[in-house]
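A.B. asks:
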Amino acid sequence: MTEARRALGKKGEAAARAFLERRGVHILAANYTCAAGEIDLIGREREAILFVEVKTRTSAAFGPPQLAVHQRKQRQIVRTAQWFLAERRTPEVACRFDVLAVTFMSDEIPRIQWVRDAFPAEGVRVW
Numbered sequence: 003m004t005e006a007r008r009a010l011g012k013k014g015e016a017a018a019r020a021f022l023e024r025r026g027v028h029i030l031a032a033n034y035t036c037a038a039g040e041i042d043l044i045g046r047e048r049e050a051i052l053f054v055e056v057k058t059r060t061s062a063a064f065g066p067p068q069l070a071v072h073q074r075k076q077r078q079i080v081r082t083a084q085w086f087l088a089e090r091r092t093p094e095v096a097c098r099f100d101v102l103a104v105t106f107m108s109d110e111i112p113r114i115q116w117v118r119d120a121f122p123a124e125g126v127r128v129w
């Protein structure tokens with residue numbers, strides 16, 4: 003991954019985090035990493051734990067950012083979420099898998115689309 007792409011991803015994650023916090027989501031972890039993989043943001047909204055994948059783009063040339071969360075990525079996010087819950091010894095709690103699609107066009111103000119419940123843990127949703 004190039005340094006420019008890495009910087010764009012970090013910028014998108016920062017915008018996504020601020021977006022969620024403004025909407026009352028308490029961020030529990032950012033860039034959580036374990037043997038199963040990585041999750042960009044983990045938060046709590048009311049009684050639910052949110053596992054959030056952030057996808058950032060600079061144009062719509064390749065379609066909306068959320069299309070990049072394919073089946074393999076969805077499975078990896080679910081496995082990583084299971085690891086997080088086991089590690090924290092979290093009792094039965096409602097969980098949700100969301101995608102934040104961040105697009106930086108010509109201006110510095112990102113367009114953010116929050117796809118709530120983007121895919122289920124027990125099966126994989128194909129866009």
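According to this note's numbering, the sequence shown is numbered sequentially starting from 3.
No residue lacks a Cβ here, since even glycine has one placed at the ideal position from N, Cα and C.
For the candidate residues Thr105, Ile111 and Asp119, whose alpha-carbon lies nearest to that of Thr58?
C.D. replies: Answer by Cα proximity: Thr105.
A.B. asks: Does the stretch 105 to 115 come within contact of the stretch 86 to 95, defined as at least 3 CB pairs closer than 8 Å?
C.D. replies: no
A.B. asks: Could you compute how far the alpha carbon of Gln76 sits from the alpha carbon of Asn33?
C.D. replies: 16 Å
A.B. asks: Quick check: what's the CA-CA separation for Glu5 versus Arg98?
C.D. replies: If I take the Cα positions, the gap works out to 31 Å.
A.B. asks: My output table needs one value for Thr4: the three-state DSSP class, helix, strand or coil.
C.D. replies: coil
A.B. asks: Which term fits Val128, buried or exposed, when burial requires 16 or more other beta carbons within 10 angstroms of its beta carbon?
C.D. replies: At Val128 the pLDDT is 47, less than 50, meaning the model places this residue with poor confidence and gives no usable figure here.
A.B. asks: Using the three-state DSSP reduction, which class does Gly11 fall into: helix, strand or coil?
C.D. replies: helix
A.B. asks: Quick one: give me the first and last residue of the beta strand (DSSP E) that Ile111 is part of.
C.D. replies: Where Ile111 is concerned, there is no enclosing beta strand (DSSP E), given that its DSSP letter is neither H nor E.
A.B. asks: Nearest CA to the CA of Arg118: which residue from Glu124, Pro112, Ile111 and Val101?
C.D. replies: Val101
A.B. asks: State the start and end residues of the unbroken alpha helix (DSSP H) segment that holds Thr58.
C.D. replies: From DSSP, Thr58 is part of no alpha helix (DSSP H) but of the beta strand (DSSP E) over Ala50 to Arg59.
A.B. asks: Since Val27 contacts Arg46 with CB under 8 Å, what's their CB separation in whole angstroms?
C.D. replies: At roughly 7 Å, the Cβ-Cβ gap stays under 8 Å, so Val27 and Arg46 are in contact.
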